[in-house]
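Reading the sequence shown from the start, the letters are residues 0 to 221 in numbering that gives the first Met the number 0.
Each remark here refers to the structure printed beneath this line.
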Amino acid sequence: MPEKVSFLTEDGVEIVGELHGSGGTGPAALLLHMMPATKESWREFAAKLVEVGFSTVLAIDLRGHGESRKRGGVTLDFKQFEDREHQDKIKDAEAAVSWMARERGVSPDRLVVVGASIGANLSIVYAADHPEIRAAAALSPGLDYRGVTTADKVMALGAEQALFLAASDEDTLSFDTDRRLKEIKPDAVLKEFHQAGHGTTMFERVDGLMDELAGWLRDRVD
Numbered sequence: 000m001p002e003k004v005s006f007l008t009e010d011g012v013e014i015v016g017e018l019h020g021s022g023g024t025g026p027a028a029l030l031l032h033m034m035p036a037t038k039e040s041w042r043e044f045a046a047k048l049v050e051v052g053f054s055t056v057l058a059i060d061l062r063g064h065g066e067s068r069k070r071g072g073v074t075l076d077f078k079q080f081e082d083r084e085h086q087d088k089i090k091d092a093e094a095a096v097s098w099m100a101r102e103r104g105v106s107p108d109r110l111v112v113v114g115a116s117i118g119a120n121l122s123i124v125y126a127a128d129h130p131e132i133r134a135a136a137a138l139s140p141g142l143d144y145r146g147v148t149t150a151d152k153v154m155a156l157g158a159e160q161a162l163f164l165a166a167s168d169e170d171t172l173s174f175d176t177d178r179r180l181k182e183i184k185p186d187a188v189l190k191e192f193h194q195a196g197h198g199t200t201m202f203e204r205v206d207g208l209m210d211e212l213a214g215w216l217r218d219r220v221d
């Protein structure tokens, strides 16, 4: 079973995560879930990443979700969030990476960020803001989820930063978004599926997707 960990963001939100892997100097991954999912939605994929050689994998509950519902004496609920509060979820990713560096010795240049839905957008934002990040993977991103935008951030990605995009055809918002992001970054990997669902649901409906993505991420940090 994964280890439960917690830490504070710069604005005082207690973030709870599940830590997978034995630690050490190997590659690391941060996993950001979709709404209304939680960190547990990543368990099978986190185990796959450990299997292919990742030594540290951290899946967090974003603020207002799961166990990450406290800021001081205030209870947070994502269903009540204004757009600004969704945009502040990037602070959860920042705090998670800081925790991994401080507590597990993770090097940012051996870190990948993976997200689903709004977590996909956040993974792109984090990578664009941190050019040392080697790769981001976005399952069912959108051009604008509650003010968390992607086209501008994909434009800001460095030439050395790899991007993996995946979406299913019935999920027209994400499907069209992926094609737009591929136009902006032609070297991005684009995977398109039929009737495969949204975000991490695609892992359940597309044979081999989990293995393919885990291997692709591992190759980016070799």
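All C-beta atoms in this analysis are idealised placements derived from N, C-alpha and C, irrespective of residue type, glycine included.
All values reported here derive from a predicted model rather than from experimental measurement.
ASP91 is positioned such that its CB atom lies no closer than 8 Å to that of THR199. In the DSSP assignment, GLU2 is bridged to LEU18. Around the C-beta of GLU17, 16 or more other C-beta atoms lie within 10 Å, and the residue is accordingly described as buried. Listed in chain order, the non-local C-beta contacts of PRO107 below 6 Å within the same chain comprise GLU131, local neighbours out to five positions each way being set aside.
In this structure ASP177 is buried. Its beta-carbon is surrounded by 16 or more other beta-carbon atoms within 10 angstroms.
According to DSSP, LEU7 shares a beta bridge with GLU13. Cβ contact annotation for ALA195 (same chain, cutoff 6 Å, sequence separation greater than five): SER167, MET201, ARG204 and VAL205, in chain order. For GLU169, there is no enclosing beta strand (DSSP E), since its DSSP letter is neither H nor E. By the Cβ criterion, the region 11–27 is not in contact with the region 113–132, since fewer than three pairs of Cβ atoms, one from each stretch, lie closer than 8 Å. Here DSSP, grouped into helix, strand and coil, assigns ASP221 to coil. Put simply, of HIS64, PRO1, ALA58 and ASP143 the residue whose alpha carbon is nearest the alpha carbon of LEU172 is ASP143.
The beta carbon of HIS85 lies closer than 8 Å to those of PHE77, ILE117, TYR144, ARG145, GLY146 and VAL147 in the same chain, with the five residues before and after it left out.
Taking C-beta atoms as the reference points, SER54 and ALA27 count as a pair closer than 8 Å. At least 8 Å separates the beta-carbon of GLY114 from that of LEU75.
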